[in-house]
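All remarks here apply to the structure that follows.
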Amino acid sequence: MENLFSIGEVARYQNISKQTLIFYDKIGLFRPAYVDPRNGYRYYSASQIDYLDTILVMKKIGFSLEEIRRHMQHYHLDSSLAMLHRQLDVIDQKIAELRLLRSRVQHRCQQMEQAKARAQAGVQLEDAGEQYLLCRPVAAPYSLREVSLASKQCFVDAFQEQLPVFFQSGVVVPFERILAGRYTEASLAFLPIDPTGQAAGVRRLPPGRRACIYHVGDYLSVGRSYEKLLDHCRQAGLRILSDSYEFCINDYITTHDESEYITKIAFYVEPQI
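Heads up: the sequence shown begins at 0 in numbering that gives the first Met the number 0, then just goes up one per residue.
Here you go:
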């Protein structure tokens, strides 16, 4: 017993819990050198401390416990080198995913900051670039319930197919419904997305001039912003060429207060001849 360490000592030396060591024992990953038959206390040898170091280092690198258990049943220089090379590929993939995720979060922050600054500016004209949308149809009767369900289906499809989305949703409202005052009856829900040929239901928005307004407030009050946008287009001699594209800038994902919601409304337009 003089050359053995108690489970408490090993836990303290390695800065892990005794429960972790007990779990490692149960799954056959790291078993004690000796278990006292009288009280069940676990004891570990000095050489096992090095073995545990290896487990903890491999876990830190990103290997699963099952991968570590299989590897350490019989490991040597070549097997360790091969396993580490494979893990380099995994780490590189994770780095790429994190960089993409960071760019998406940064993009969302920039959108929200710009929307706050422009929300009171009224109607604006923009030269929009090419854009892609992952679209799903909204079922009749096109109420907010159906819009919400279609939006959620977009997220489900995007995550399942690992599509490069921007964590933002929106809807398309047919122009004839807007003229009829049915401002919230969307026909499509969408997610802005990077160009991809992997999925069905991806719509390309061409580059072009758009008339935009930022609606601030709950969605049921969006009609007042539509009226401002339509009036501006009439007075400025702009012909509306498209359905309405609504981009949710600040919504339930970023606030619980509906009075803070910001929705960007956009029509493609051209000067009337």
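Idealized CB from N, CA, C, for every residue including glycine.
Item	Value
Residue of Ile-60, Val-164, Ser-243 minimising C-alpha distance to Ser-186	Ser-243
Counted within 10 angstroms of its Cβ, other Cβ atoms place Val-248 as buried (16 or more) or exposed	Checking the sequence, you will find Ile at residue 248 rather than Val. By the neighbour-count rule (16 or more Cβ atoms within 10 Å), Ile-248 is buried.
Closest Cα partner of Lys-58 within the set Asp-77, Ala-45, Met-82, Asp-35	Met-82
C-alpha distance - Pro-31 paired with Ala-95, whole-angstrom precision	40 Å
Check whether Val-171 and Thr-183 have beta carbons under 9 Å apart	no
Rounded straight-line distance, which links the Cα of Ser-79 to that of Ser-44	24 Å
The segment 198-206 touching the segment 122-132, judged by at least three CB pairs closer than 8 Å	yes
Rounded separation between Lys-227 and Cys-211 - CA only	10 Å
Beta-bridge partners of Phe-22, as assigned by DSSP	Looking at the DSSP assignment, Phe-22 forms no beta bridge with any residue, so it has no partner.
Beta-carbon contacts of Thr-195 that lie in its chain and below 8 Å, excluding the five residues immediately before and after	Tyr-131, Leu-162, Pro-163, Val-201
CB-CB length for Ser-142 against Ser-168, believed under 8 Å	That pair is no contact at about 16 Å.
Per-residue burial, Ala-265 [other beta carbons within 10 Å of its own, 16 or more giving buried]	buried
Euclidean distance between Cα positions of Gly-329 and Val-268	Residue 329 lies beyond the residue range present for the chain, which begins at 0 and ends at 272; the question has no answer from this structure.
Residues near Arg-98 by beta carbon distance below 6 Å, same chain, minus five either side	none
CB contact flag (Gly-222, Ser-258, <9 Å)	no
Beta-carbon gap between Ser-63 and Arg-41 smaller than 9 Å	no
Option nearest Asp-52 by Cα separation, candidates Ile-67, Arg-208, Arg-135	Ile-67
Proximity of Ala-198 and Glu-160 at Cβ, strictly below 9 Å	yes
Alpha helix (DSSP H) runs contained entirely in the segment 27-92, provided each spans 4 or more residues	45-60, 64-70
Under the three-state DSSP convention, the category Gly-276 falls into	Residue 276 falls outside the range modelled here, since the chain spans only 0 to 272, and no answer is possible.
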